[in-house]
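Since the structure comes first, as structure tokens, the remarks are kept for the end.
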Amino acid sequence: MTDNIRHRFAQSGELARTLVLFFILLACSPFSFSQNLLTNPGFESGTSGWTLDGDASAQFTESNGRSGSRLTHWSSSSSYTAETKQAVTGLAAGTYRLSAYTVGGETAGAWLWAYCDGESFSTPIPSSPWGNWAQVAVDNILVSGGSCELGITTENSEWSSFDDVVFEWVSGGGPGELVIEEGTGFCDVDGSVDSNHSGYNGSGFANTDNAMGNGVEWRVQVPAGGSYQLEWRYANTSDNNRAGSVVVNGNAVATVDFPSTGAWTSWASSSANIALSAGENTIRLEAVSGEGLGNIDSLSVTGDSPQAVDCGGSPPGGVFKPDYILGAAITWTLEHESIGRSYSDQGQTKSIERILVDHGFNFARLRTFVCPECPGGYLDNLYSGAGPTENWGDTAHTIELAQRVKACGMGVFLDFMLSDTWASIGKQYRPSQWQGMSDAQIRAASYNHAKDVLDQMVAAGVKPDMVQCGNENNTHVSGYSYNDWAGFSGVINSCIRAVRETDPEITVVAHHGRPRPDGDFPFWVDRVFGSNPPIDADVVCGSTYGTTNNGGDWWDMFNYVIDTTGKPVMSCEYTDGRRDLVNNTFLSLPNDMGVGTFIWEPAGYGDRRPFNYSNGVYYTNSSMDEYARIAREAGLPVPSTPASQLQGTSCQ
Ligand code: GCU
Ligand code: CA
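The sequence shown begins at 1 in the UniProt record's numbering and counts up by one.
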């Protein structure tokens, strides 16, 4: 969805109009009342002032509005997208609210949204009985860059009707405190963004590599030159106070001490009053000792209307995209541990994720189910040897394992099964809670499921770096056949919409279970990306278990994807027996189009494994060393995270 909502510049007339509104707002009484900032918000002048994207003929006004006319989205075509939107510029920094009234419809496929400063804010628009106008609103829309795009989108075969859209200022401006975590305004760290010591806010903290001159950089904008208080939240266990030089717009202006807080999980603040210039300022905190800085959680700027400025590019630590992924699916880990099993490497007991890190693996794939505890769900078919003693495969367990994976510095690839139990070729059952729902309700349920899991993961500091919506969807998903394209694409794309809204940088993967000519693979590729609407994926992956010609069929099939869609490719599953064949294939595809590979449950599955099992212990065998060799051949560091960085963390 975010992909469709591109920032557009307002036409100059519109700009002038909104600027006039803005100055009237300022002149009357600054920020003491709110006013609708939209042009033609009640559609009394047809759709003038609005931009009609998607299928323009599906967007028109009719009588019987809440008052006067209303906007309707409808088309006789079975699948359409209607996006009615408007750009507003000249906005004061602050918090805004967008609302609209809706009536009738089968509107689970409709959204009210705002797109401001690269962030999207949205709410689904529910259906409302005919004659009964219901209000929907998006609150807490943060504006710092002065402009937003606002709109209403209806997808697929829904219809819906709207009236009285309001976009209004709520609060902000004037003296204030700006706190910059890992989002807008956080530009760079000479090191990494970590989340392995608790107590931080946002999604992590900046950890400089320990050397003099390494630092962290932010960008803020202020309306007039003057003194601002800069305050850093940090942790430091060193006896050295790890002082930092404050460099504003290239000039060293102060030195701030960061005395020991006693533990990496104990956080404190240090501050300084610093002069900032009108307009944009780059603020850098730079280590003056050879130990680097302490771990820096956030920068707060207090003074007149400070605003965070987009630094360009994706923020550091946003989404992990290594040059090559050497990954492993390890969801069985918690289940194995629950029945007393452990992992051992060279005579040392370690967690499986630490063993993987020590052999160059840099990513873990975790599967999650809609309702694993529902009848016929995953708990009835674990295949790990564990009992249904806990709700394995639910969001809480996914987060628990993701935290362990991220503490080791690895990326997280989240696999939405979109099912209560295993989803694989030929087994794509509808989640029990979705049974009896209309198509539109199922799309909403798919979106809500994904959004809920992703929101919880973000809140827990473990935003996934890569996501697949559906598993081995050769012909079906959640009980829909791909012959019912609106149903099939609707479930998958609704889930993908939630991913895009979480962070458009997250890589989205479409998964086929048999990427071979005898798996109808080219036909599937054409259908998935050539249908209307296409599946909104960035990467195509396959389960590369079997091959009849020593990998030649995979080579042909993945080159077919690259040639016809331009999308990169990956192995989502393979076993140790195919270790070299699979990795050689993805490492040698043209133009680095092979993203990487994920071995499937390396401890517990496969005829050949990099572990030998005996008396409750999985011991690494020589095959594990071959993965370290492959990592080195791929140019990856081994271990994938230096052991020194893992001291004192939970990655042991
Ligand atoms: C440890 C700690 C890191 C910290 C580092 C340091 O490795 O886990 O979070 O940054 O020490 O000394 O800077
Ligand atoms: Ca450090």
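For every residue, glycine included, the Cβ atom is placed at its ideal position computed from N, Cα and C.
As the structure is a computational prediction, the values presented were derived from the model and not from experiment.
Taking DSSP as the reference, what is the three-state secondary structure of residue i?
i           : result
Ser644      : helix
Thr502      : helix
Arg430      : coil
Asn583      : helix
Asn249      : coil
Ala444      : helix
Arg629      : helix
Trp130      : coil
Pro124      : strand
Phe416      : strand
residue 654 : With the chain covering only 1 through 652, there is no way to say anything about residue 654.
Phe23       : Model confidence at Phe23 stands at a pLDDT of 36, short of 50, so the residue's coordinates are unreliable; what they give is reported in the following sentence. Helix.
His359      : coil
Gly436      : coil
Gly202      : coil
Ala328      : strand
Ala87       : strand
Phe320      : coil
Ala453      : The residue asked about is misnamed: residue 453 is Val in this sequence, not Ala. Three-state DSSP puts Val453 in a helix.
Cys371      : coil
Val462      : coil
Ala603      : coil
His476      : strand
Ala407      : helix
Use the C-beta contact count for residue i: other C-beta atoms within 10 angstroms, 16 or more gives buried, fewer gives exposed.
i      : result
Asn196 : buried
Pro316 : Its pLDDT being 45, under 50, Pro316 is placed unreliably in this model, and the value from its coordinates should be taken loosely. So Pro316 ends up on the buried side.
Ile339 : exposed
Pro568 : buried
Phe523 : exposed
Asp236 : This sequence places Asn at residue 236; Asp is not what is there. Classification for Asn236: buried.
Gln645 : buried
Met212 : exposed
Glu177 : exposed
Asp415 : buried
Asp420 : buried
Val170 : exposed
Gln346 : exposed
Pro642 : exposed
Lys463 : buried
Thr564 : exposed
Thr389 : exposed
Ser161 : buried
Gln647 : exposed
Ser358 : Correcting the residue identity first, residue 358 is Asp in this sequence and not Ser. Under this definition Asp358 is a buried residue.
Asn251 : exposed
Ser571 : buried
Do we get a CB-CB distance below 8 Å when we pair residue i with the residues of chain C?
i      : result
Glu119 : Absent from the structure: chain C. Only one protein chain is present.
Quick check: what's the CA-CA separation for residue i versus residue j?
i           : j      : result
Val477      : Arg430 : 8 Å
residue 671 : Ile506 : Residue 671 falls outside the range modelled here, since the chain spans only 1 to 652, and no answer is possible.
Gly487      : Asn214 : 52 Å
Ile496      : Ala510 : 10 Å
Ile399      : Ala631 : 27 Å
Glu168      : Leu98  : 7 Å
Thr331      : Arg404 : 12 Å
Pro534      : Phe611 : 41 Å
Ala58       : Ser69  : 16 Å
Gly118      : Asn621 : 48 Å
Asp3        : Gly530 : Because Asp3 sits at a pLDDT of 31, beneath the cut-off of 50, its placement in the model cannot be relied upon, and the following sentence gives the value as read from the coordinates. Taking the straight line from one Cα to the other gives about 18 Å.
Met417      : Gly104 : 32 Å
Ala364      : Gly596 : 12 Å
Phe186      : Ala254 : 20 Å
Val216      : Thr208 : 7 Å
Glu158      : Asp503 : 26 Å
Thr282      : Gln229 : 15 Å
residue 656 : Ser120 : Nothing about residue 656 can be reported from this structure: the residues present for the chain run from 1 to 652 only.
Ser300      : Glu181 : 9 Å
For a test of your reading of the model: does the CB of residue i fall under 7 Å from any non-hydrogen atom of ligand 3? Yes or no.
i      : result
Asp239 : With respect to ligand 3, the structure offers nothing, as its ligand set consists of ligand 1 and ligand 2.
- Task: Decide if the stretch 287–302 is in contact with the stretch 435–442; the criterion is three or more beta carbon pairs, one per stretch, under 8 Å apart.
- Result: The stretch 287–302 is not in contact with the stretch 435–442.
- Query: Any chance the stretch 108–122 sits against the stretch 272–290, with 3 or more Cβ pairs inside 8 Å?
  - Reply: Three or more beta-carbon pairs separated by less than 8 Å are not found between the stretch 108–122 and the stretch 272–290, which leaves the two stretches without contact.
- Item | Inter-stretch contact (C-beta, 8 Å, three-pair minimum) for the stretch 551–568 and the stretch 510–520 | The stretch 551–568 makes contact with the stretch 510–520, as at least three CB pairs between them are under 8 Å.
- Evaluate the contact criterion for the stretch 121–136 versus the stretch 75–85: three or more CB pairs, one atom per stretch, below 8 Å. Cβ pair count under 8 Å is below three, so no.
- Message: If contact is defined by three or more beta carbon pairs under 8 Å, each pair taking one atom from either stretch, is the stretch 112–125 in contact with the stretch 133–143?
- Response: Because the criterion of three Cβ pairs below 8 Å is met, the stretch 133–143 and the stretch 112–125 touch.
- With a cut-off of 8 Å, do at least 3 Cβ pairs link the stretch 319–329 to the stretch 633–650? Yes, since at least three Cβ pairs between the stretch 319–329 and the stretch 633–650 fall closer than 8 Å, the two stretches touch.
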